[in-house]
Amino acid sequence: MSTNRLKARLEDRIRLTGPISVADYMTTCLADPEDGYYTTSPEPFGRDGDFITAPEVSQMFGELIGGWVVATWIAMGAPSPVRLVELGPGRGTLMADILRTARLRPAFMDAVAVHLVEVSPKLRHRQGETLGGVAGALKSAPQWHDHLSAVPEGPTILIANEFFDALPIRQFVKTAKGWCERVVGLDAAGHLAFGVSSVALAEGLVPASARAAAVGAILEVSPASAAITAEIGTRIAAQRGAALLIDYGYLRSGEGDTLQALSRHAFADPLAEPGKADLTAHVDFEALARAGMQAGADAMAPLTQGEFLLRLGLLERAGQLGAGKDAATQERLRGEVERLAAPDQMGELFKVLALATPGLVPPGFERRGK
Ligand SMILES: C[S@@+](CC[C@H](N)C(=O)[O-])C[C@H]1O[C@@H](n2cnc3c(N)ncnc32)[C@H](O)[C@@H]1O
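Under the working numbering, the residues of the sequence shown are numbered 3 to 372, in order.
The structure is reproduced here in structure tokens:
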């Protein structure tokens, strides 16, 4: 019998009703109301947590995005009100840095209504604390929602940093009899183990690009990510606006197993400690762009995070912050620039996709080729 409560519950459930999909496993591990990672983990982000995200690396990340938000609002014709929506705001650091920068434009602060979409009650509380200082400059207090659909209608600028990697994926494995779903079942000793379903997908459901794959290849799809991106696309196509989606992932849909568990900055076995480690998958940016476009939005050509931040003025901002400061501060800023933008750090692994109302090209982007 496992001492991990969630593991024991999962094993009991599988014993009773059979193997579950990888998506179902991820959802349970991350969001179980009693034992899920996001519901129980006290502070997953930052140097003391399991991983560190770009806003926690440097204030420059949120400041540059703050400038992007205001420039996008102006490009939209400066609507009032405008909804500034963040999906999965973590500790609230990104939104606080955005608003600190946006305060330089009082007309924007008069127009903006902040909406945070967050599942974790603990993180909502933390976000409220982080935003405490800057929220006083807003006309209306930030509002929290369980889902994007609860955000009132109207012109919208939406930000999501490291949100999509936390959404569940389904995996399919190419076997001798075709593509079968990868599942989480039990091994002979009754412990969690990966397996494959016995029934293969109908040939018509397999993407043309995957038909020639070798036995053993793995294909990932994220219906949850596609559904949320379609919702974003529908909203900004109908009500004006833009969305900035930043995450680690790949530009072209392809094959490969990207499911990973992170615990205290190290990779872990995804089945070892359900609910105790963060579980993520790389994001398929081609699939996100497709979902947004099918919903009626325009997709811009995706950029690497390094290119995006350099276009927004990362080096200039570091120069401003470092001017006249001691050597240690300048060294720290240099380190932050490297961490955010260097190709061997976050600069290339992370990608940035913008979706926009047809006709609007958000600053820093070009429209995607056909
Ligand atoms: C990896 S963290 C990213 C945090 C933050 N954006 C940052 O950059 O530091 C993922 C965030 O998404 C939230 N989250 C995960 N799944 C969610 C869902 N289905 N709906 C809303 N929020 C979700 C988590 O609670 C957390 O705040």
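Where a beta carbon is used, it is the ideal one built from N, C-alpha and C, also for glycine.
- Within 7 Å of the C-beta of Val285 there is not a single heavy atom belonging to ligand 1.
- It is roughly 54 Å from the alpha-carbon of Arg313 to the alpha-carbon of Ala191.
- Annotation: the continuous alpha helix (DSSP H) that includes Thr132 extends over 123 to 137.
- Of Pro170, Glu88, Ser211, the smallest CA-CA separation from Val24 is found for Pro170.
- Taking C-alpha positions only, His284 is separated from Leu357 by approximately 19 Å.
- Residue Glu120 holds the alpha-carbon nearest to the alpha-carbon of Ser151 among Glu58, Asp259, Gly337, Glu120.
- Distances from the alpha-carbon of His127 to those of Gly235, Ala77, His147 put His147 closest.
- Counted as a single uninterrupted DSSP element, the alpha helix (DSSP H) harbouring Gln322 occupies residues 316 to 324.
- According to DSSP, Ala202 shares a beta bridge with Cys182.
- As a beta-bridge residue in DSSP terms, His147 pairs with Val119.
- When rounded, the separation of the alpha-carbon atoms in Leu86 and Ala162 is 11 Å.
- Beta-bridge annotation (DSSP): Ser23 is paired with Val185.
- Under DSSP, Glu88 shares a beta bridge with Leu118, Ile161.
- Short note on Thr55: C-beta closer than 7 Å to some heavy atom of ligand 1.
- Taking every protein chain shown into account, the CB of Phe165 has 16 or more other CB atoms within 10 angstroms, so this residue is buried.
- In terms of side-chain proximity, the C-beta atom of Pro91 is found nearer than 7 Å to a non-hydrogen atom of ligand 1.
- Relative to the non-hydrogen atoms of ligand 1, the Cβ of Asn6 never comes closer than 7 Å to any of them.
- Taking the CA atoms as reference points, Thr306 sits about 18 Å from Val71.
- Close CB contacts of Phe110 within its chain, under the 7 Å cut and outside five residues either way in sequence, are with Val72, Trp75, Ala104 (chain order).
- Runs of the beta strand (DSSP E) lying entirely within the stretch 221 to 297, each at least 3 residues long, are 243 to 252, 262 to 265, 268 to 270, 280 to 282 in chain order.
- Beta-bridge annotation (DSSP): Arg369 is paired with Met302.
- The nearest non-hydrogen atom of ligand 1 is 7 Å or more from the C-beta of Ala229.
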